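Accompanying notes for the structure given below.
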Amino acid sequence: ELMAFRNYSEAMAHFVTACSALVNGAGSWREVFAVWWDHYVKARIPAQSFDKMNENFFRTTFASRCMDAMPMEYSVWSEFNVPAGRIDFLASPKPGTGLRACLVEFKYVTCAEADRTHLLERDEPDADVVRQARTYLESLRTTPNWPHGDDVDAYVVEIAGNRGYRWFELKRDRRAG
244 ELMAFRNYSE AMAHFVTACS ALVNGAGSWR EVFAVWWDHY VKARIPAQSF DKMNENFFRT
304 TFASRCMDAM PMEYSVWSEF NVPAGRIDFL ASPKPGTGLR ACLVEFKYVT CAEADRTHLL
364 ERDEPDADVV RQARTYLESL RTTPNWPHGD DVDAYVVEIA GNRGYRWFEL KRDRRAG
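To convert, count from 1 in the sequence shown and add 243; that's the working numbering.
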């Protein structure tokens with residue numbers, strides 16, 4: 244049973260199902276991330292590997308899976324350049340899909356740092372990470388040739404080693420509606 248759960252094709256099937264729900268309006272980016280975490284990160288990566296990981300690993304592997312699962316609906320980038328810096332994860336809906344863009348700012352800390360800061364017990368994301376995500380969001384909105392205007396959902400995900408993560412939705416400001 245454990246080997247079947249760790250099977251790549253089963254993990255992909257779960258992920259594609261979550262992505263299909265998202266693009267059909269019955270799912271969310273939070274659910275897509277949760278399935279990725281459960282079926283790729285937790286089920287396939289040995290605990291001792293987390294000591295050698297960093298934020299780059301999480302954002303690029305999540306982006307890679309999204310590119311594989313939703314190529315007809317989204318263009319996906321890791322480290323998308325805007326005047327204010329580089330957005331960790333950006334999914335831009337393709338024309339005619341009617342979908343919203345998605346911006347995710349990742350923050351990774353070791354288990355020891357997560358314990359020290361009580362990361363998994365917090366109800367609010369780190370203020371500096373929120374400020375950074377909002378700066379990138381505003382920069383994206385004003386980037387020439389950005390076709391989606393304010394139709395962008397923004398999130399912060401804080402990852403605590405191999406213990407878990409916190410997913411936070413950034414509420415839209417009044418200007419954005």
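Ideal Cβ placement from N, Cα and C applies to all residues, glycine included.
This structure is a prediction, so every number in the text was calculated from the model and none was measured.
Backbone CA spacing between residue i and residue j [nearest angstrom]
i           : j           : result
residue 317 : residue 258 : 15 Å
residue 394 : residue 308 : 23 Å
residue 356 : residue 339 : 44 Å
residue 313 : residue 262 : 7 Å
residue 352 : residue 298 : 8 Å
residue 265 : residue 407 : 22 Å
residue 322 : residue 375 : 13 Å
residue 373 : residue 413 : 8 Å
residue 325 : residue 348 : 14 Å
residue 403 : residue 397 : 20 Å
residue 330 : residue 253 : 30 Å
residue 328 : residue 383 : 10 Å
residue 426 : residue 288 : Any question about residue 426 goes unanswered here, given that the chain covers just 244 to 420.
residue 366 : residue 332 : 22 Å
residue 362 : residue 305 : 21 Å
residue 337 : residue 315 : 7 Å
residue 370 : residue 401 : 12 Å
Span of the beta strand (DSSP E), counted from its first residue to its last, around residue i
i           : result
residue 400 : 395-403
Coarse secondary structure for residue i, derived from DSSP in three states
i           : result
residue 410 : strand
residue 374 : helix
residue 369 : coil
residue 282 : helix
residue 415 : coil
Limits of the alpha helix (DSSP H) - the one that residue i falls within
i           : result
residue 292 : Premise fails: residue 292 is in no alpha helix (DSSP H) and is neither H nor E.
residue 311 : 298-312
beta-carbon residue i near the ligand ADP non-hydrogen atom, thresh 7 Å
i           : result
residue 268 : What this structure holds is no ligand at all, so the ligand ADP is not there to describe.
#### Entry: Residue ranges of each beta strand (DSSP E) within the segment 314-366, 3 or longer
317-325, 328-336, 344-352
### Task
Jot down the residue ranges of each uninterrupted alpha helix (DSSP H) in the segment 253-279, minimum 4 residues, whole runs only, in chain order.
272-279
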